[in-house]
Amino acid sequence: MSDKEIDETTGVETTGHSWDDIRELNNPLPRWWLIVWYISIVWAIGYWVVMPSWPGISGYLKGTRNHSERANVEVAVAELDAQRADATRRLLTAPNMQAIENDPDLQAFALAAGESLFGDNCATCHGAGGQGFKGYPNLNDDDWLWGGKLEDIRQTIRYGIRSDHAEAHLSLMQAYGAGGLLPRETVDDLVHYVRSLSGQEHDEAAAMRAAPVFQVQCVQCHGAEGKGDQSQGAPNLTDPIWLYGGDAMTIRETLWNGRGGVMPTWEGRLSEEEILALAVYVHSLGGGE
Amino acid sequence: MSVTDPAPSSELSGGVVRHEVEAVNAAGTRTLYKAREPIYPKRVKGAFRNLKWIIMALTLGVYYITPWIRWPRGPGEPDQAVLADFAGRRFYFFFIEIWPDQLYFLTGVLIIAALSLFLATALFGRIWCGYSCPQTVWTDLYVWVERKIEGDRNARMKLAKAPWTADKIRKRVSKHVIWILIGMATGGAWILYFHDAPSLARDFFRGDAPFTSYFFFALLTLTTYIFAGSMREQVCTYMCPWPRIQAALTDEETLEVTYKVDRGEPRGAHKKGDTWDGRGDCVSCRACVISCPMGIDIRDGAQLECINCALCIDACDDIMKKVGRPTGLIAYDTDANIARRQAGEKPTVKLLRPRTILYGSVLAFVCALMIYGLSTQATMVVNVLRDRTPPFILMSDGSIRNAYTVKIVNRENYTRDLKITVEGPDGMVVGAVGEKAEGATVTLDAPGDTVRSVRIFATMPPGAAHGASIPVIVRVLDPDTGEEVLNPTVFMAGRE
Ligand code: SF4
Ligand code: SF4
Numbered sequence: 008m009s010d011k012e013i014d015e016t017t018g019v020e021t022t023g024h025s026w027d028d029i030r031e032l033n034n035p036l037p038r039w040w041l042i043v044w045y046i047s048i049v050w051a052i053g054y055w056v057v058m059p060s061w062p063g064i065s066g067y068l069k070g071t072r073n074h075s076e077r078a079n080v081e082v083a084v085a086e087l088d089a090q091r092a093d094a095t096r097r098l099l100t101a102p103n104m105q106a107i108e109n110d111p112d113l114q115a116f117a118l119a120a121g122e123s124l125f126g127d128n129c130a131t132c133h134g135a136g137g138q139g140f141k142g143y144p145n146l147n148d149d150d151w152l153w154g155g156k157l158e159d160i161r162q163t164i165r166y167g168i169r170s171d172h173a174e175a176h177l178s179l180m181q182a183y184g185a186g187g188l189l190p191r192e193t194v195d196d197l198v199h200y201v202r203s204l205s206g207q208e209h210d211e212a213a214a215m216r217a218a219p220v221f222q223v224q225c226v227q228c229h230g231a232e233g234k235g236d237q238s239q240g241a242p243n244l245t246d247p248i249w250l251y252g253g254d255a256m257t258i259r260e261t262l263w264n265g266r267g268g269v270m271p272t273w274e275g276r277l278s279e280e281e282i283l284a285l286a287v288y289v290h291s292l293g294g295g296e
Numbered sequence: 081m082s083v084t085d086p087a088p089s090s091e092l093s094g095g096v097v098r099h100e101v102e103a104v105n106a107a108g109t110r111t112l113y114k115a116r117e118p119i120y121p122k123r124v125k126g127a128f129r130n131l132k133w134i135i136m137a138l139t140l141g142v143y144y145i146t147p148w149i150r151w152p153r154g155p156g157e158p159d160q161a162v163l164a165d166f167a168g169r170r171f172y173f174f175f176i177e178i179w180p181d182q183l184y185f186l187t188g189v190l191i192i193a194a195l196s197l198f199l200a201t202a203l204f205g206r207i208w209c210g211y212s213c214p215q216t217v218w219t220d221l222y223v224w225v226e227r228k229i230e231g232d233r234n235a236r237m238k239l240a241k242a243p244w245t246a247d248k249i250r251k252r253v254s255k256h257v258i259w260i261l262i263g264m265a266t267g268g269a270w271i272l273y274f275h276d277a278p279s280l281a282r283d284f285f286r287g288d289a290p291f292t293s294y295f296f297f298a299l300l301t302l303t304t305y306i307f308a309g310s311m312r313e314q315v316c317t318y319m320c321p322w323p324r325i326q327a328a329l330t331d332e333e334t335l336e337v338t339y340k341v342d343r344g345e346p347r348g349a350h351k352k353g354d355t356w357d358g359r360g361d362c363v364s365c366r367a368c369v370i371s372c373p374m375g376i377d378i379r380d381g382a383q384l385e386c387i388n389c390a391l392c393i394d395a396c397d398d399i400m401k402k403v404g405r406p407t408g409l410i411a412y413d414t415d416a417n418i419a420r421r422q423a424g425e426k427p428t429v430k431l432l433r434p435r436t437i438l439y440g441s442v443l444a445f446v447c448a449l450m451i452y453g454l455s456t457q458a459t460m461v462v463n464v465l466r467d468r469t470p471p472f473i474l475m476s477d478g479s480i481r482n483a484y485t486v487k488i489v490n491r492e493n494y495t496r497d498l499k500i501t502v503e504g505p506d507g508m509v510v511g512a513v514g515e516k517a518e519g520a521t522v523t524l525d526a527p528g529d530t531v532r533s534v535r536i537f538a539t540m541p542p543g544a545a546h547g548a549s550i551p552v553i554v555r556v557l558d559p560d561t562g563e564e565v566l567n568p569t570v571f572m573a574g575r576e
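Protein chains in written order, with this note's numbering: chain U, 8 to 296; chain H, 81 to 576.
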């Protein structure tokens, strides 16, 4: 006992530790505390037995309760599906798509589901807000290649564009230059004619030369006035919205090499109700045509 | 000072009985893992004991009765005055209703509670511990039950040592049964704060209540029974952080339960007829020690274990009256006053000190903020988020469109017809999918007690809007109440 230091005020022995002359009292630990510690050790051993615990070479100790977070998640997802079953059924049995938009509850359900589906599947090409990129259309505007009505959007999502689905939208912008369909000078003149349609700067004489060519070569898809045709996915050439670009360079590139962007078919990858929800969401992005 | 004293009590002044007892925290030989020393606090009578009875009745009354108070709020809303509705994500307190986005009010309440505790502790020491801490209140109640069944200190000490006779078994069993019943009432009241009390009580007995209710009922029953029944002072001394913190909040001017060493020492037994000259007033009877629920000796000075329950004040005052000395040998006093008296100065109480002024003003500030916040609470909250992908949209006719997501929190419990107007340059047209629109105004309804989210589109005709961003205001108006919220934002018109 002689080597133990005793604190004067409390009469308690100290641990001998000293920080800036503040010394630590060696007060006894209450016995019940020690007992609680032993109990928690026993509890831990029980826990190993009951719950998944030790890792092994090919797997792990599963525990007597066979608890599995993965299985729990599956159960939770199934529960969620069950909770949504009613709304899903109403989505699928709606007489037409307009009816979905007219029912605020159903619309809210479709919009919420559509938004998350869009983020997971569509945002890669069309951007997080559907803003699009060069070659990938902006879904927020009112310029639709294959139609912006609910049913049109649903068709496009379901079958895709130039996808490998039998029902896919098909059409091709020919490679007028590279394919040898038109001579180089005519292609150059056509660039001016196309720019004249949307009121952009152009060479009037060149445009005049190309006008008859347009009426022969392009009119079938883009129409006599160049307003396009949604049944063929032919863009309107008179508005300021361009999928690839409306500058002379890009238009010439389009005419020379042709275009044929691809959107995959989502049938089979997304369920029928998911496609419905997505269509309602995409429709809402564009302000609803 | 020796623990035993030869003089029999008949020879002592006032017939004072001297007790052979040592404080449980007395310095002495200690084993490494110390078993709890049983404490048998003796019953005391006096002003502070009465005050404690009153506070006990009040606090327990408030706790057990509050969930049953009704407070009608209208159809579809709970009529329980105090309710933490986790499922509905609302907190109700009489006329106050708190939504999840207003959790800062609860933070405010917690800050006010902490600051009040700081201020009270700086002024009067551990009055929270001594009078109103649940641990103290329920322990006091359990000790009262124990005393009713087993008798006062001496009888209880005897019973503890006695063999297990039928009488002892009867007393012990009835004590524990009553303790458990009190614990069950405590756990039972707790769960009522989280559900509609009458229907939960009915479901509870039918076995239809939610699992969490049974769980917390069992948990609180168990903790009440163990903490107030067998742990008692161990909770205060070893489990509670407050005794450690309070040392930083008090100073030498803090009024605390204090043994006035300057008056009491030198202590010693006092025989009838002896003079009081040249000695202190403490007659070494240890009435203070045996009445202490913590089992300590206040004469050792301020110490971690002392919860400032003031029962030793009552005990000592009683002795002082018997021996014919002035009361208040143990009293609410300050360290500074002891020093003052020893120096021959007049004792004073200094309530206004930099510390208390600081705690008090911060407390007043936070209270004022809370009152302001609660009294100006809006029944409609609006958030406007401008779409950033894309920042603006070029339409086929050359007009420019921006989209905004408007979130409207309707805190009223009825559906409100609202008008959303985007105030900007002339010619702006506003629309929303599926909603009525006219010019720059969209009309829609916001169902009661919900958050309505709507995406609105503002469009400027071709060539009408120029510049990177034009300031606009999204105004949400309830034409019926006249309440309106203005949200400034911008309209992006392109890069030129
Ligand atoms: S302080 Fe009072 S109660 Fe305590 S031993 Fe002294 S005289 Fe007795
Ligand atoms: S010393 Fe006095 S005030 Fe402190 S806990 Fe004991 S009886 Fe209460």
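Glycine included, every Cβ here is placed at the ideal spot set by N, Cα and C.
Only a predicted model underlies this, so the values are computations on that prediction, with no experimental measurement involved.
Asked, Found
"Alpha helix (DSSP H) containing M264 (chain H): first to last residue?", "246-272"
"In this structure, does DSSP put K402 (chain H) in helix, strand or coil?", "helix"
"From this set, H:Y113, H:K122, H:N567, which residue's C-alpha is nearest R366 (chain H)'s C-alpha?", "H:K122"
"If we count the other Cβ atoms within 10 Å of its Cβ and call it buried at 16 or more, is V142 (chain H) buried or exposed?", "exposed"
"Would Y113 (chain H) pass as an interface residue toward chain U - the criterion being a Cβ-Cβ separation below 9 Å?", "yes"
"For S82 (chain H), count neighbouring C-beta atoms within 10 Å of its own C-beta (all shown protein chains included) and say buried if the count is 16 or more, exposed if not.", "Residue confidence is low: S82 (chain H) scores 39 on pLDDT, short of 50, so the model does not pin down where it sits. No coordinate-derived value is stated."
"Determine which residues share a DSSP beta bridge with Y172 (chain H) and list them.", "H:L163, H:E177"
"To which residues of the same chain is T201 (chain H) closer than 8 Å at the C-beta, ignoring the five residues directly before and after it?", "I207, W208, Q326, L329, T330, T334"
"Along chain U, in chain order, which residues have C-beta atoms closer than 7 Å to that of M264 (chain H)?", "Residues of chain U passing the Cβ test: none, with the nearest at roughly 24 Å."
"In angstroms, rounded to a whole number, what distance separates the CA positions of V136 (chain U) and Y288 (chain U)?", "Checking the sequence shown, residue 136 (chain U) turns out to be Gly, not Val. Using only the alpha carbons, I get a separation of about 11 Å."
"Quick check on F537 (chain H): does DSSP put it in helix, strand or coil?", "strand"
"Between the C-alpha atoms of A78 (chain U) and F140 (chain U), what's the straight-line distance to the nearest angstrom?", "40 Å"
"Of the residues H:N105, H:T245, H:L384, which one's Cα is nearest the Cα of P323 (chain H)?", "H:L384"
"DSSP beta-bridge partners for R532 (chain H)?", "H:I488"
"Beta-carbon separation of L152 (chain U) and P144 (chain U) under 9 Å?", "yes"
"Could you check whether the Cβ of Y318 (chain H) sits closer than 9 Å to any Cβ belonging to chain U?", "yes"
"Does the segment 478-498 of chain H touch the segment 513-533 of chain H, meaning 3 or more C-beta pairs lie closer than 8 Å?", "yes"
"Is G23 (chain U) helix, strand or coil by DSSP?", "strand"
"Measuring straight from C-alpha to C-alpha, what distance separates V462 (chain H) and L557 (chain H)?", "10 Å"
"Are the C-beta of G519 (chain H) and some C-beta of chain U separated by less than 9 Å?", "no"
"Where does F140 (chain U) fall in DSSP's three states?", "strand"
"Could you have a look at F472 (chain H) and say whether DSSP puts it in helix, strand or coil?", "coil"
"Residue range of the alpha helix (DSSP H) that V43 (chain U) falls in?", "38-57"
"What are the residues that DSSP puts in a beta bridge with L557 (chain H)?", "H:K499, H:E564"
"Here's the rule I'm using: 16 or more other beta-carbon atoms within 10 Å means buried, otherwise exposed. How should Y54 (chain U) be labelled?", "exposed"
"With 16 other CB atoms within 10 Å as the buried threshold, where does I378 (chain H) fall?", "buried"
"Mind listing the chain U neighbours of M450 (chain H)? Cutoff is C-beta to C-beta under 9 Å, in chain order.", "Under the 9 Å cutoff, chain U gives no residues; its nearest Cβ is about 35 Å from M450 (chain H)."
"Can you tell me whether A217 (chain U) is helix, strand or coil according to DSSP?", "helix"
"Roughly how many whole angstroms lie between the Cα atoms of G574 (chain H) and P247 (chain U)?", "13 Å"
"In terms of residue numbering, what span does the alpha helix (DSSP H) encompassing V189 (chain H) cover?", "184-204"
"When the cut-off is 9 Å and only beta carbons count, does M311 (chain H) lie next to chain U?", "yes"
"Please report whether the beta-carbon of M81 (chain H) lies at a distance below 9 Å from any beta-carbon of chain U.", "Confidence is the limiting factor: at M81 (chain H) the pLDDT is only 37, short of 50, which leaves the residue's position unreliable and the question unanswerable from this model."
"I'd like the span of the alpha helix (DSSP H) that includes R306 (chain H), first residue to last.", "Before going on, a small fix: residue 306 (chain H) reads as Ile here, not Arg. Looking at the DSSP string, the run of the alpha helix (DSSP H) that includes I306 (chain H) is 291-306."
"Under 9 Å, Cβ to Cβ, is there at least one residue of chain H near G139 (chain U)?", "yes"
"Using 9 Å as the limit for Cβ to Cβ distance, is W153 (chain U) near chain H?", "no"
"Tell me where the alpha helix (DSSP H) around I282 (chain U) begins and ends.", "279-292"
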